[in-house]
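Trainee: First to last, the sequence lines map onto chains D and X.
Sequential numbering of the first sequence, starting at 1, is according to my numbering.
Sequential numbering of the second sequence, starting at 1, is according to my numbering.
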Amino acid sequence: MERMPVWADVVLIPLISLLLAAGLSALVILAIGESPVAAFQLMVDGALMRSAGWGYTLYYATNFMFTGLAVSVAFHARMFNIGGEGQAMLGGLGVALACLYIPWPHWSLAILGSAFGAALFGAAWALIPAWLQAKRGSHIVITTIMFNFIAAALLNYVLVNVLRPVGAMDPATAKFPEPTHLPTFRDMFSTAETILFRGAPANVSFFLALAACVLVWLLIWRTKLGYEIRAQGFSESGARYAGISPSRIIVISMLISGGLAGMMAVNSTQGEAERLILNMTEGAGFIGIAVALMGRNHPFGVFLAALLFGFLYQGGAELALWTNIPRELIVVIQALVILFTGALDNMVRMPLERIFLALRRKEA
Amino acid sequence: MTVMTRILGAAAALALSAGASLAEPALIFDLGGKFDKSFNEAAYNGAKRWAEETGSTFREIELQSEAQREQALRRFAEAGANPVIMTGFAFGNVLSEVAPDYPDTKFAIIDMVVDQPNVRSVVFNEHEGSFLVGMMAAMASKSGTVGFIGGMDIPLIRKFACGYVQGVKAANPDAKVIQNMTGTTPAAWNDPVKGSELTKAQISQGADVVYAAAGGTGVGVLQTAADENILSIGVDSNQNYMHPGKVLTSMLKRVDNAVYDAMTAGPDMETGFNVMGIANGGISFAMDENNASLVSDKMLAVTYKAALDIATGAVSVHDYMSDNTCPVE
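See the structure below:
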């Protein structure tokens with residue numbers, strides 16, 4: 001089958017999907033008697049027109065970048081890792097232990113230590129499903145999703161019984177010590193006269209996420225290991241014939257994937273809450289799947305898709321603040337975008353492919 | 001052109017509505033949501049009552065994520081909402097950081113103490129109300145064994161339990177109290193099935209009056225108690241109507257009054273430590289036509305006397321949260 005030009009695959013399809021989702025969302029808002037134009041205006045204004053709004057958009061985007069990269073690395077080896085949620089929870093545990101029990105002198109060292117702890121715990125959580133897939137053939141989708149539940153129960157147990165300070169009501173750890181607090185965008189970009197990013201949670205781990213994007217690109221397209229991962233993804237038998245061990249690639253790609261998902265916790269746990277709370281992931285592990293699908297598993301695409309979802313989250317919060325659109329319908333709008341860009345990809349792709357095919361025949 | 005004017009018109013309308021929102025009070029619901037049949041809903045009812053009586057409007061938001069706690073506080077404060085009211089202890093950390101940034105805005109937090117000059121901290125003497133319903137439970141019990149079912153195992157709920165046990169022992173020193181907690185996570189606030197199982201277990205141990213201090217879980221407790229033909233005690237709101245003739249009484253925690261008072265006071269709201277107890281009507285127990293036949297005049301007289309003694313300070317009920325211990329089991 002002939003293929004579409006790259007620009008259509010990378011730009012046109014997500015754009016059309018997005019427009020369809022926006023159209024349906026507008027109908028939903030109309031149906032409950034609010035103005036879609038005003039709602040969209042509000043979302044843009046709240047998420048992109050103020051520095052604090054950007055601070056939230058970028059904070060959410062940082063989470064989604066890590067989990068999106070996690071899904072895409074595994075996907076290059078044709079592993080569908082939907083355990084990002086659980087791996088991120090364990091990553092949170094790694095961050096909390098690193099921040100609480102090691103006396104860091106300065107945040108710059110603390111972020112290295114906590115990122116390492118997060119990646120280590122996240123990777124360890126991905127190791128078991130990966131090993132089961134590689135050696136026993138247990139399907140990765142089933143095991144990773146089950147491991148999400150185990151991670152939630154484990155985090156629950158640890159927070160309630162081990163790490164919760166005496167007399168506290170919240171199932172959460174104590175506040176991390178002062179030297180581990182990461183500089184927020186407000187600390188970094190405000191001058192004496194103008195305060196930027198006031199109160200917004202975006203912090204220095206955004207740059208960690210950008211670095212992760214670059215490193216993943218280097219890994220997948222510029223290293224031998226990345227070549228092996230892609231070869232395994234294209235054809236396992238072909239890779240085996242070329243002397244690549246499938247079980248080794250499965251385990252390694254899942255370890256990298258779990259590590260990336262875990263590093264999300266640096267942003268949400270150390271950067272924002274500054275303590276480990278029970279629902280620290282807030283569904284970012286699952287949003288990562290949509291981000292990776294929409295970003296075509298390319299780090300730059302993941303970056304753009306993460307920004308879009310960050311905008312949707314922050315814009316959704318603005319809608320909740322200033323309109324009477326109920327919380328459930330805001331989730332519906334967010335879900336429509338995920339549905340169209342992620343799940344219903346082929347609905348747009350197949351007619352488009354046919355159109356391009358017809359155009360090409362005419363030329364020929 | 002037309003599209004452009006429409007967009008501009010929408011923007012103008014938006015700017016107008018933002019301007020009109022000045023000095024409105026704002027209410028922030030915790031992650032449990034507005035209609036939880038319990039705590040948040042009581043707060044909403046108070047705000048609704050205020051809005052209906054004064055014909056004014058208020059801003060509200062149901063949170064979707066943890067990061068929105070601080071965001072909602074700041075955005076409402078920046079838009080000029082005053083006072084900003086929030087329900088639940090989970091806001092404590094965030095509010096103590098945000099409040100100093102907006103010295104001209106008044107904040108009210110329910111169920112938590114935040115020590116800032118512009119914050120009203122509303123806490124309830126739940127132990128006093130639990131003491132009263134504990135006395136009623138002991139007097140209504142024929143077996144001499146009564147039960148307590150808590151929601152999430154946190155100091156606040158142990159405070160309920162401790163007051164309840166003290167009340168039971170005050171009315172009948174030989175009575176036995178069986179205590180259970182539903183769980184250790186926020187999910188324990190909304191697990192009616194587990195509540196029902198715990199009730200059955202307590203009945204098999206001889207309990208014939210059960211007090212549920214468990215949010216949505218209590219619905220299952222009250223239902224099972226009614227099905228098994230024993231008495232139950234509701235919490236927070238008046239739940240007597242849920243099973244007429246089967247619910248002995250309800251311990252009332254007037255979260256609605258706290259919200260109503262704060263909104264009525266408006267930007268001039270007095271700040272500081274605000275204790276709602278029996279003395280100022282923040283805590284009481286529910287009597288209506290649904291439970292009139294269950295409570296004898298003698299029981300009522302004894303309970304009212306105890307309420308008066310607590311209000312005047314003649315009797316003091318130990319508060320579990322003051323030292324994290326309870327003198328009686």
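For each residue, glycine too, the CB sits at the ideal point set by N, CA and C.
Quick caveat: nothing in here was measured; it's all calculated off a predicted structure.
Identify the contact partners of D/A320 in chain X, using a Cβ-Cβ distance below 9 Å as the criterion.
Mentor: I61, E62, L63, Q64, Q68, A72
Trainee: Return the chain-ordered list of same chain residues with a C-beta closer than 8 Å to the C-beta of X/I278, the five sequence neighbours on each side being excluded.
Mentor: The answer, listed in chain order, is N125, E128, G129, L132, S284, A307, I310, A311.
Trainee: Between which residues of its own chain and X/A51 is the CB-CB distance below 7 Å, once the five residues before and five after are set aside?
Mentor: T57, F58
Trainee: Closest Cβ-Cβ distance between X/A51 and chain D: below 9 Å?
Mentor: It does not; no Cβ of chain D falls within 9 Å.
Trainee: Does any residue of chain X bring its CB to less than 9 Å from the CB of D/Q289?
Mentor: Reading the sequence as shown, one finds Ile at residue 289 of chain D and not Gln. Residue-level contact check: D/I289 does not touch chain X, since none of the beta carbons of chain X fall below 9 Å from its beta carbon.
Trainee: Cα separation between X/A137 and X/Y304?
Mentor: 14 Å
Trainee: How big is the Cα-Cα spacing for D/G83 and D/L155?
Mentor: 15 Å
Trainee: Quick check on the DSSP output: the beta strand (DSSP E) that includes X/K253 runs from which residue to which?
Mentor: 247-253
Trainee: Beta-carbon within less than 6 Å of D/A119's beta-carbon, same chain only, minus the 5 sequence neighbours each way: which residues are those?
Mentor: G259, G262, M263
Trainee: Tell me the DSSP bridge mates of X/V84?
Mentor: X/A26, X/F107
Trainee: Going by beta carbon distance, what residues of the same chain come within less than 8 Å of D/V214, once the five residues before and after it are set aside?
Mentor: P299
Trainee: Please classify D/E274: is it buried, with 16 or more other beta-carbons within 10 angstroms of its beta-carbon, or exposed?
Mentor: buried
Trainee: Could you run through the segment 86-97 of chain X and flag, in chain order, every residue whose CB is less than 7 Å away from some CB of chain D?
Mentor: F89, A90
Trainee: Under 7 Å Cβ-Cβ, which residues of chain D neighbour X/L156?
Mentor: M169
Trainee: Got a sec? Which residues, its chain only, sit under 8 Å from X/K200 by beta carbon, not counting five neighbours each side?
Mentor: T224, E228
Trainee: Determine the burial state of D/F346: buried for a count of at least 16 other Cβ atoms within 10 Å of its Cβ, exposed for fewer.
Mentor: For the sequence presented, residue 346 of chain D should be read as Asn rather than Phe. By the 10 Å Cβ count, D/N346 comes out exposed.
Trainee: Could you check what DSSP says for X/S130 in three-state terms: helix, strand or coil?
Mentor: helix
Trainee: Looking at C-beta atoms only, is the number of pairs between the segment 47-64 of chain D and the segment 219-230 of chain D that lie closer than 8 Å three or more?
Mentor: No, because fewer than three Cβ pairs between the segment 47-64 of chain D and the segment 219-230 of chain D fall closer than 8 Å, the two stretches do not touch.
Trainee: Hey, how far is the Cα of X/V113 from the Cα of X/M86?
Mentor: Looking at the two C-alpha atoms, the distance is approximately 12 Å.
Trainee: Kindly indicate which three-state DSSP category D/F176 falls into: helix, strand or coil?
Mentor: coil
Trainee: Run through DSSP, which three-state label would X/G144 get?
Mentor: coil
Trainee: Should the segment 9-29 of chain D be called in touch with the segment 271-290 of chain D, which here means at least 3 C-beta pairs below 8 Å?
Mentor: no
Trainee: Quick one: using the 10 Å Cβ neighbour count with 16 as the cut-off for buried, is D/L359 buried or exposed?
Mentor: exposed
Trainee: Can you tell me whether DSSP reads X/N93 as helix, strand or coil?
Mentor: Helix at X/N93.
Trainee: Just to confirm the assignment, what range does the beta strand (DSSP E) spanning X/E62 have?
Mentor: 59-62
Trainee: Can you tell me the Cβ-Cβ gap for X/G134 and X/G167, rounded? I've got them flagged as a contact below 8 Å.
Mentor: Right, their Cβ atoms sit about 2 Å apart.
Trainee: Among D/R240, D/A265, D/A290, D/F356, which one has its Cα closest to the Cα of D/S205?
Mentor: Closest option to D/S205, Cα to Cα, is D/A265.
Trainee: With H, G and I counted as helix, E and B as strand and the rest as coil, what does DSSP make of X/G272?
Mentor: strand
Trainee: What residues in the segment 175-198 of chain X bring their beta carbon closer than 8 Å to a beta carbon of chain D?
Mentor: T184, T185, P186
Trainee: So is X/R75 in contact with chain D if we call contact Cβ pairs under 9 Å?
Mentor: yes
Trainee: Interface residues of chain D around X/N324 at Cβ under 8 Å?
Mentor: Residues of chain D passing the Cβ test: V166, G167.
Trainee: For X/V317 versus X/G163, is the C-beta distance shorter than 9 Å?
Mentor: yes
Trainee: Can you list, in chain order, the residues of its chain with a C-beta nearer than 8 Å to that of X/T184? Leave out the 5 residues immediately preceding and following it.
Mentor: M152, D153
Trainee: What are the residues of the segment 178-207 of chain D that lie near chain X, defined by any Cβ-Cβ distance shorter than 7 Å?
Mentor: Listed by position, the residues of the segment 178-207 of chain D near chain X (Cβ gap below 7 Å) are G199, P201.
Trainee: If contact means a Cβ-Cβ distance below 7 Å, which residues of the segment 264-282 of chain D contact chain X?
Mentor: E272, A273, I277, L278, N279, E282
Trainee: Just the Cα atoms here: how many angstroms apart are D/I32 and D/R136?
Mentor: 51 Å
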